[in-house]
Amino acid sequence: MFLKKKTIKNHDTIIEELLEKLTPDIQEKIDYKMNLAAKIFAGIKSKGWNKSEFANQMNKNNSIVSRWLSGLHNFESDTLFDIQNKLGINLLDDRNENEGRFYTAPTTANYFVPIEDCLDFFGGLIDLKSLEKSASVQVITTTVGENNN
Amino acid sequence: MKFTLKRLPQFCGDKASFYTVASNDTELFRSFLIENTKLFEAELLNILGRIKNMGMKNGATDNFFRLDESEDANDEKVVAIKDLPSSKLRLYCVRMSDSLVVLGGGGPKPKNVFRWQDDLKLKKEAHKIMSVSNLIELKISHGKLKITDDGLSFQGDLQLN
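In order, the protein sequences belong to chains E and L. Counting with my numbering, you get residues 1 to 149 for the letters of the first sequence. Counting with my numbering, you get residues 1001 to 1161 for the letters of the second sequence.
So, in structure tokens, the structure goes:
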């Protein structure tokens, strides 16, 4: 018998009581860090690497990568920049607020390009008016970024 | 006394479900919260927030856990939830998969304690969760306990003894 008998009549609602104290602000901060870690973890897997291989790619110890993936780490922007370049994912959105529309080219790094430039490149193949109906526009292409380099 | 796998609906979502082990008047996870709420409330809130996130958003992927917490090298399912680096709390679990976790108990890990084996309370809680893991494996291997096709629930006889 591995459970010690203990009366908890006064604590029946302990989970609910604590969850009430878990304010949206606290949860949002937790979610932000864990979502970032999940995004990096997914990026590693999509490269076909395991954690050790990714650590080698980044010239870091496994323990540092484990910390990055824990969803607890406070990243420096330089570190996020290096990770996103290595994985070809977007972790840093450096757009100004009035640059709300962009496309992401999945090359070794992600480049944000004003939608007008993107449309110029496609030579009017995209209907701007229909795109503008969308709250945000994300055009993903597999070759554009590489062909332009 | 009967011990049963009990679903914790507060933390269950599309991505993962969480259970604990209950008897008539106590539960491992609830006891953990009660024992630590006075001294470690902020840490507990962080743990609860992380569990909620795993249930609703990201799943219980292994990067969110400390692995290899079991004495049995073959039992990779016994893990601990990672908490803030400054935190002294350990919460032991059985991570069945990315979408199914059984929450056990735990306790504070003093700074001078490197391994849970060196702390009486942690040792006790770690051994409990190892027993839970073994009993679940036994039930599954005997076909008395199953995991549903969506991976989010236990099905069958939820009593562990």
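We treat Cβ as the ideally placed atom computed from N, Cα and C, and that holds for glycine. These figures come from a predicted structure and were not determined experimentally.
Partner residues in the beta bridge of L/Ile1081, as assigned by DSSP, are L/Phe1065, L/Leu1091. Interface annotation, E/Gly71: in contact with chain L, CB-CB separation under 8 Å. By the neighbour-count criterion, in which 16 or more other beta carbons inside 10 Å mark a residue as buried, E/Ser77 falls on the exposed side. From the listed residues E/Val65, E/Leu72, E/Gly71, E/Ser70, the smallest Cα separation to E/Asp82 is found for E/Val65. By the Cβ test, the region 1049 to 1069 of chain L is in contact with the region 1015 to 1026 of chain L, since at least three Cβ pairs between them sit closer than 8 Å. Of all residues in the region 22 to 33 of chain E, only Leu22, Ile26, Gln27, Ile30, Asp31 place a beta-carbon less than 7 Å from a beta-carbon of chain L.
By the C-beta density criterion, L/Ser1133 is buried, having at least 16 other C-beta atoms within 10 angstroms. For L/Lys1123, no Cβ of chain E is located within less than 8 Å of the residue's own Cβ.
Within a 10 Å sphere around the beta-carbon of L/Gly1049 sit 16 or more other beta-carbons, which makes this residue buried. Taking a beta-carbon distance threshold of 8 Å, E/Ile83 does not count as an interface residue toward chain L.
Counting the other Cβ atoms within 10 Å of the Cβ of L/Arg1115 gives fewer than 16, which makes it exposed. In summary, L/Glu1069 is buried, with 16 or more beta-carbon neighbours lying within 10 Å of its beta-carbon over all protein chains present.
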